[in-house]
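Only one structure is covered here, and it is reproduced in the block below.
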Amino acid sequence: QKEVEQDPGPLSVPEGAIVSLNCTYSNSAFQYFMWYRQYSRKGPELLMYTYSSGNKEDGRFTAQVDKSSKYISLFIRDSQPSDSATYLCAMRTRMDSSYKLIFGSGTRLLVRP
Amino acid sequence: EPEVTQTPSHQVTQMGQEVILRCVPISNHLYFYWYRQILGQKVEFLVSFYNNEISEKSEIFDDQFSVERPDGSNFTLKIRSTKLEDSAMYFCASSDWGDTQYFGPGTRLTVL
Chain A
1 QKEVEQDPGP
11 LSVPEGAIVS
21 LNCTYSNSAF
31 QYFMWYRQYS
41 RKGPELLMYT
51 YSSGNKEDGR
61 FTAQVDKSSK
71 YISLFIRDSQ
81 PSDSATYLCA
91 MRTRMDSSYK
101 LIFGSGTRLL
111 VRP
Chain X
1001 EPEVTQTPSH
1011 QVTQMGQEVI
1021 LRCVPISNHL
1031 YFYWYRQILG
1041 QKVEFLVSFY
1051 NNEISEKSEI
1061 FDDQFSVERP
1071 DGSNFTLKIR
1081 STKLEDSAMY
1091 FCASSDWGDT
1101 QYFGPGTRLT
1111 VL
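Protein chains in written order, with the numbering used here: chain A, 1 to 113; chain X, 1001 to 1112.
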């Protein structure tokens, strides 16, 4: 079983739609969760960071963590064509002093005008 | 807004040659990382660096790889003898206390 699983997509939605992106993980030691956005051939750009179960909101983005189910989500409201990118979930353990991140494979999102 | 920068943006080299990839992390950050992403695959951790030493390295980071912080601003990744399978995007990242890592734009390494 992979440590972090993420549906690769592509996910195609019309402009204005609510987008739901998800990751599951197997390692219960993961305590810190991040969402990155990556445009083609660019570096990952940090969108959201959270470490507790529940919701965290930032503008049009909401990150949700359910540690009991080992499931995290990113919701994008009022999606825009500029949101078209690959979304990567990433996570790390609390005990790992190196702070290395384990990434999902990414979900490609296309927002149609 | 401070950002991580990387040079060159694209490096082409012959198999067996040495390459050095350069990074300038965000100035007040203490932790530095290299990750790589082979085309179409996930971002993979290579090495983390803190207090002038490696804190962890992955299985990928074998004896052909080394990292250095030669001065107060640069952070480099050296591959001593490149192989075809080293072709990938290499990302440098930095963080202050490890909580949030900020990535550079990457160096695309092509080994012929």
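Ideal Cβ placement from N, Cα and C applies to all residues, glycine included. Here the structure is a predicted model, which means the values were calculated and not measured.
For X:V1043, there is no enclosing beta strand (DSSP E), as DSSP marks it with neither H nor E. Between A:V19 and the set A:F61, A:M95, A:I72, the nearest pair of CA atoms involves A:F61. Taking a beta-carbon distance threshold of 8 Å, X:P1105 counts as an interface residue toward chain A. Listed along chain A, no residue sits closer than 9 Å to X:F1075 by beta-carbon distance, the nearest being about 15 Å off. Neighbours of X:V1043 in chain A, taken as residues whose beta carbon is under 7 Å from its own, are P44, L88, F103 in chain order.
The beta carbon of X:S1066 does not come within 8 Å of any beta carbon belonging to chain A, so the residue lies off that interface.
Interface annotation, X:T1110: not in contact with chain A, CB-CB separation never under 8 Å. Contiguous beta strand (DSSP E) elements confined to the region 24 to 93 of chain A occur at 30 to 38, 45 to 50, 54 to 58, 61 to 66, 71 to 76, 85 to 93, taking only those with 3 or more residues. Distance between X:T1076 and X:T1082, taken at the CA atoms: about 16 Å. Look at the region 10 to 30 of chain A: it has no residue with a C-beta under 7 Å from a C-beta of chain X.
With a cutoff of 8 Å on beta-carbon distance, X:E1056 and X:S1048 are scored as near each other.
Rounded to the nearest angstrom, the gap between the Cα atoms of A:S26 and A:K70 is 7 Å. Under the DSSP assignment, X:Q1064 falls outside any beta strand (DSSP E); it carries neither an H nor an E label. Its chain contains L1046, V1047 as the residues whose beta carbon lies nearer than 6 Å to that of X:F1061, once the 5 sequence neighbours on both sides are disregarded; these appear in chain order. Between A:E15 and A:V111, the gap from beta carbon to beta carbon is short of 8 Å. For the region 35 to 63 of chain A, the set of positions with a beta-carbon nearer than 9 Å to some beta-carbon of chain X reads Y36, Q38, R41, K42, G43, P44, E45, L46, Y49, Y51 in chain order. For A:K67, no Cβ of chain X is located within less than 8 Å of the residue's own Cβ.
The region 1084 to 1104 of chain X makes contact with the region 92 to 106 of chain A; the number of CB pairs closer than 8 Å reaches 3 or more. Here X:V1043 really is in contact with A:P44; their C-beta atoms are around 7 Å apart, less than 8 Å. The region 1023 to 1030 of chain X and the region 30 to 41 of chain A do not touch, with fewer than 3 CB-CB distances between them shorter than 8 Å. In the three-state scheme derived from DSSP, where H, G and I count as helix and E and B as strand, X:E1018 is classed as coil. The shortest CA-to-CA distance from A:R77 to any of A:D66, A:T93, A:S68, A:D58 is the one to A:D58.
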